[in-house]
Amino acid sequence: MTLFGNASCAESKKGGAKARFFKRNRRDTPGSAENRRRIPAPSKSAFAFAKSNFPKGCRRLFRRENKKRLANPDKKIIMARNMKWEYAQYDKKLAADLGAYLGVSPILGALILQRGYTDPLKAKMFLRPKLLDLDDPFRLKNLKRAVLRVAEAIEKRQNILVFGDYDVDGITSTTLLVCVLRHFGINPAYFVPRRMEEGYGLSAAAIGRAMANGTPDLFIALDCGTNAAESIKYIRDKGVDLIVVDHHQAKGNPGDDYILLNPHVHDVEGAPWHQMCTVGLVFKLAHGLVKEMRLRNDRRSWEINLKDYLDLVAMGTVADLVPLLDENRIVARYGIKRLKSSHRMGIQALIRASGIADGEDITPIDISFKLGPRINASGRLADASLPLEMLLGDDFTVCYRAACELNEINKERQEIERGVLDEAMAQISRHGLGKDH
948 MTLFGNASCA ESKKGGAKAR FFKRNRRDTP GSAENRRRIP APSKSAFAFA
998 KSNFPKGCRR LFRRENKKRL ANPDKKIIMA RNMKWEYAQY DKKLAADLGA
1048 YLGVSPILGA LILQRGYTDP LKAKMFLRPK LLDLDDPFRL KNLKRAVLRV
1098 AEAIEKRQNI LVFGDYDVDG ITSTTLLVCV LRHFGINPAY FVPRRMEEGY
1148 GLSAAAIGRA MANGTPDLFI ALDCGTNAAE SIKYIRDKGV DLIVVDHHQA
1198 KGNPGDDYIL LNPHVHDVEG APWHQMCTVG LVFKLAHGLV KEMRLRNDRR
1248 SWEINLKDYL DLVAMGTVAD LVPLLDENRI VARYGIKRLK SSHRMGIQAL
1298 IRASGIADGE DITPIDISFK LGPRINASGR LADASLPLEM LLGDDFTVCY
1348 RAACELNEIN KERQEIERGV LDEAMAQISR HGLGKDH
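Residues in the sequence shown are numbered from 948 upward in steps of one, following the working numbering.
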């Protein structure tokens, strides 16, 4: 049993440690014969070149443009002849060496080099991200302290309150942590604020409602709290231990009487987790917790497959618009693949309600323009507890009903935005403002 799934003895003997986790698809390998084929020189017709060398989506675009040209013979559509391309300068020898190391063409080596990847190992990690490349979670500042405090709460069966933000990152973070704690026999209270009534983050009104049914032993704030000094003092004055997992910039010096997990405050910029949003940091917290509980011989920790949580990590990571580099790239790549076959009734219901066909591959565009906006709309206009309960639910019928309600809320959000745009354009027209202003 491994942190990221099961491994048979046969697999281990055949392919070593890496075979435990992944199956190599030779057709997808950039260094395979299929991908090393010589790229033909463009013909006089840019359309003919596109037809044989570009992906299907691009081919459709070129076919559409070609039809325009044939339908309007008098109208010249010039695509390349009168355009002057300016090429970025790069070290051709270094590009060729990089391509050879990666098993790809010098052209792809040059493109990777132009993205700033001069280190072959980092370039390989960018081109072929693997879960095995995830760094030791305990290298993240304060993660060990956070893990030990959560482990203590699990063993003592203390009351835990998980407080999340109302956007996709906050809701997926809350869902992930609640699910992990439930696996360890803890049934934590969880809470997301009402934006219109309680404002953003750790507001006094939100904390008051969150602790209305009792004061917890451990308060965990997700995707908020870095700059909530007064609220943090209020929580600590009540004798409640506090962990803040956040990725927002700090405006001052955080205190030391609570545990802050925030790479923008404590860690160096070059760290592979530096650009992670909160759900990625919670995934690393879960990773560290599983490792710690295995050292304590907790049998429940061996039943956890961390890959089962990557669907949530991908949704939060893509929707929060963080750079898809380093560890973000790893978790997003594998998480997006798992969305299609997610075991969560809430995700299945949301996918269907969003109009995505059963069995269809989920893409980052689907997350950005279909799944994410439906969750965000509820947090902006209504109560974010609706999508949270949906993601935590195990009854598809109930989850689908919630997803359909999110559809209606999202339509309302779209109508409001159209109204705001129309009013803005009307004001521009009334004041005689144009593009020159």
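In this text, a Cβ means the ideal position worked out from N, Cα and C, and glycines have one as well. Please read these numbers as outputs of a predicted model, since none were measured by experiment.
Under the DSSP definition of a beta bridge, residue 1165 partners with 1107, 1188. For residue 1127 and residue 1226, the gap between their C-alpha atoms comes out near 13 Å.
Inter-residue distance for residue 1276 and residue 1084 is about 16 Å (C-alpha atoms, whole angstroms).
Exclusion of the five residues before and after residue 1131 leaves 1101, 1247 as the residues of its chain whose Cβ lies within less than 6 Å of its Cβ.
Rounded to whole angstroms, residue 1069 and residue 1323 show a C-alpha spacing of 34 Å.
A contact is defined here as three or more CB-CB pairs under 8 Å, and the segment 1266 to 1284 meets this definition with respect to the segment 1073 to 1093. By the Cβ neighbour-count rule, residue 1268 is exposed, with fewer than 16 other Cβ atoms within 10 Å of its own. At the C-beta level, residue 1179 and residue 1148 stay beyond 8 Å of one another. The Cβ-Cβ distance between residue 1170 and residue 1120 falls below 8 Å. Counting only unbroken stretches of 4 or more residues, the alpha helix (DSSP H) elements lying wholly within the segment 1035 to 1064 are 1039 to 1049, 1053 to 1061, in sequence order.
In this structure residue 1339 does not touch residue 1115 by the C-beta definition: roughly 15 Å separates them, more than the 8 Å allowed. Bounds of any beta strand (DSSP E) do not take in residue 1363; it lies within the alpha helix (DSSP H) bounded by 1343 to 1377. Less than 8 Å divides the Cβ of residue 1164 from the Cβ of residue 1187. Assignment of residue 1207 by DSSP, reduced to helix, strand and coil, places it in the strand class.
Beta-carbon to beta-carbon, residue 1197 and residue 1174 are separated by about 6 Å, close enough to satisfy the 8 Å threshold. Contact between residue 1350 and residue 1296 is confirmed by a C-beta separation of about 4 Å, below the 8 Å threshold. Straight-line spacing of the CA atoms in residue 1380 and residue 1373 works out to 10 Å. In the three-state reduction of the DSSP assignment, residue 1136 falls in the strand class. In this structure, DSSP gives residue 1126 a helical state, which the three-state scheme calls helix.
Taking the Cβ atoms as the reference, residue 1109 lies roughly 4 Å from residue 1137, within the contact range of under 8 Å.
Close CB contacts of residue 1303 within its chain, under the 8 Å cut and outside five residues either way in sequence, are with 1309, 1313, 1317 (chain order).
The alpha-carbon separation between residue 1285 and residue 1259 amounts to approximately 9 Å.
Cβ-Cβ distances below 7 Å link residue 1357 to 1320, 1321, 1324 in the same chain, with the five nearest sequence neighbours on each side left out; the list follows chain order. Rounded to the nearest angstrom, the Cβ distance from residue 1161 to residue 1106 is 7 Å, consistent with a contact under 8 Å. For residue 1322, the enclosing alpha helix (DSSP H) has its first and last residue at 1319 to 1328. Sorting 1142, 1046, 1220, 1257 by C-alpha distance to the C-alpha of residue 1280 places 1257 at the top. If you draw a straight line from the Cα of residue 1235 to the Cα of residue 1207, it comes to about 15 Å. For residue 1252, no alpha helix (DSSP H) encloses it, and the DSSP letter there is neither H nor E. Straight through space, the alpha carbons of residue 1253 and residue 1278 are spaced by roughly 11 Å. Taking the Cβ atoms as the reference, residue 1087 lies roughly 7 Å from residue 1210, within the contact range of under 8 Å. Shortest Cα-Cα distance from residue 1097 to any of 1306, 1240, 1222 involves 1240. Residue burial is scored here from C-beta neighbours: residue 1034 has fewer than 16 other C-beta atoms within 10 angstroms and is therefore classed as exposed. Taking 3 residues as the minimum length, the segment 1259 to 1296 contains no beta strand (DSSP E) run wholly inside it. By the CB criterion at 8 Å, residue 1300 and residue 1353 fall inside the cutoff.
For residue 1327, the closest alpha carbon among the candidates 1054, 1129, 1139, 1060 is that of 1139.
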